[in-house]
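Structure, as structure tokens:
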Amino acid sequence: MDILLTEPERMLQRQLRDFVQAEIAPCADEWDRRNELAYEAFQKVASVGLTGLTVPEEYGGQGGSLMDALIASIELARASVSVASIVGTHMGLALGGLYRYGNEDQRRRFVVPAAKGERLCSYALTEHDASSDISRMTTTARREGDEWIINGAKCFISNGDRADMVLLFATVDKQLGNKGITAFVVEKGTPGFSVGKIEDKLGIRAESAAELMFDDVHVPMENQIGEVGKGMRIALSILDEGRLDVAGQGVGLASAALDAAVAYSKERQQFGQPICEFQGIQWMLVDMATQVDAAWLLAYRAARLADQGQRFSKEVAQAKLFAANTAMDVARKSLQIHGGYGYMKDLPIERFYRDAKILEIYEGTSEVQKLVIGRAILS
Ligand SMILES: Cc1cc2nc3c(=O)[nH]c(=O)nc-3n(C[C@H](O)[C@H](O)[C@H](O)COP(=O)(O)OP(=O)(O)OC[C@H]3O[C@@H](n4cnc5c(N)ncnc54)[C@H](O)[C@@H]3O)c2cc1C
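Mapping of the sequence shown onto this note's numbering: residues 1086 to 1464, in sequence order.
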């Protein structure tokens, strides 16, 4: 796939692969066992500029493209989808939105420290009864003088328990449906803002998914992001970039699972020969390699379209849908090729298998991606 990258992109890929091998891969299993947000991972990625990769340099970032962000997501996920998810939520979802829709003052106050990795961000859209269908949102924002008063709760918020600030979506009037949704920044320590249940998850156990509670939280007008009623548009446009990141996570996980399967199948001997010489195993590897390449191509296409400023909602939904499916399928086949050893926690394939499932769920389930693609095809 390198042939599709420019020389600077290939260089970034090589640098990140070395960094991930040295700093992330050796810790990934231990972070997973701890079952809490791996804050050290956030600090490590901050030290190489990944917390602000796509943010312009004048706002504390690296000025990278969405292709750069995709490359980073793939390389991180080759070692840990949890770490890729921490970064994707912080930079792709929260910072991406704050930079694009924030005014100059908000960029200085929120984007600069977050891009430098001094502050961790989360993105809070989902509620217990409003997720695939966001119009059912019940978290409210009521205007009082020059403040907004927020009440409600969000659930499953990645980075939520450790985040210094949250990009929050609330409705100014439930009767307005999508047209009432508005975006705000709520900072940690604001009275009435607290963390509720922290989920115990199947996979990506080194990132956290938390409930966030808002009980008469006073937010200054200066923390309103974009116009009143434009929150839905903001949330969805950010999600397109988030989906590119999740597609990258799928490609990264699947290619690591494929590499592990190829290496193991050459080493493991049964019936007097390496198991890769059995046609049944080879055909699995062939299918896996073909799926991984196709997932890579779809993700690259979506990133190039995005960087050219073209519409890419359909293409990124296709990339996310296919990459998530590929990650699930390739992780399952790779574990099968590893036999009983693959089922044990001694090898990372057991973690890849658990981590793959989330890719079909967050940032829009696979069914929701099909809705997006279907509407685009039929429009
Ligand atoms: C680990 C984790 C981290 C997360 N991080 C964040 C975060 O940082 N910020 C955030 O805001 N959210 C986050 N989420 C929430 C995530 O985006 C939602 O879980 C996801 O959108 C699905 O919502 P739901 O779980 O309520 O399922 P539901 O919306 O209740 O869907 C249930 C099932 O119905 C299907 N379905 C729904 N509508 C349709 C339809 N029209 N046609 C066909 N099928 C349909 C779905 O595909 C799914 O299979 C996270 C979730 C998890 C598990």
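Ideal placement from N, C-alpha and C gives every residue a C-beta, glycine not left out. These numbers come from a predicted model, not from an experiment.
If you keep only unbroken alpha helix (DSSP H) runs of at least 4 residues inside the segment 1086-1131, you get 1092-1104 and 1110-1119. Between the segment 1193-1207 and the segment 1138-1150, the count of Cβ pairs shorter than 8 Å is three or higher; the stretches touch.
Per DSSP, the beta bridge partners of M1250 are C1206 and E1272. R1227 has I1234 as its beta-bridge partners, per DSSP. Here L1297 carries a strand assignment [DSSP, helix/strand/coil]. For F1397, the shortest C-beta to heavy atom distance toward ligand 1 is 7 Å or greater.
A residue is called buried when at least 16 other Cβ atoms come within 10 angstroms of its Cβ; S1419 meets this threshold and is buried. The criterion of a C-beta distance shorter than 8 Å is not satisfied by E1292 and I1462.
For H1303, the secondary structure class from DSSP, reduced to helix, strand or coil, is strand.
The segment 1373-1404 is shown to contain no whole beta strand (DSSP E) run of 3 or more residues. The beta carbon of G1314 lies closer than 8 Å to those of V1257, L1261, K1264, G1265, I1266 and T1267 in the same chain, with the five residues before and after it left out. Within 10 angstroms of the beta-carbon of E1435 lie 16 or more other beta-carbons, which makes it buried.
Burial is judged here by how many other beta carbons sit within 10 angstroms of a residue's own beta carbon; Q1334 has at least 16 and is buried.
Excluding residues up to 5 positions away in sequence, D1325, R1328, L1329 and A1387 lie with their Cβ nearer than 6 Å to the Cβ of V1401 in the same chain.
The segment 1270-1288 and the segment 1210-1220 do not touch, with fewer than three beta-carbon pairs separated by less than 8 Å.
Taking C-alpha positions only, G1394 is separated from A1384 by approximately 16 Å. With a 10 Å radius around the Cβ and a threshold of 16 neighbouring Cβ atoms, N1188 comes out exposed. Counting along the chain, no alpha helix (DSSP H) covers F1356, and no H or E run does either.
Within the same chain, R1221, M1222, T1223, T1224, G1237, A1238, K1239 and C1240 come within 8 Å of E1212 by CB-CB distance, once the 5 residues on both sides are set aside. Within the same chain, Cβ atoms closer than 8 Å to the Cβ of R1389 are found at M1152, the five residues on either side in sequence being excluded.
Here the segment 1190-1197 does not lie against the segment 1361-1377, with fewer than 3 beta-carbon pairs under 8 Å apart.
R1095 and E1160 have their alpha carbons spaced roughly 12 Å apart.
Around the Cβ of L1287, a 10 Å sphere holds fewer than 16 other Cβ atoms; the residue is exposed.
With 16 or more other Cβ atoms from the protein chains shown falling within 10 Å of its own Cβ, A1255 counts as buried.
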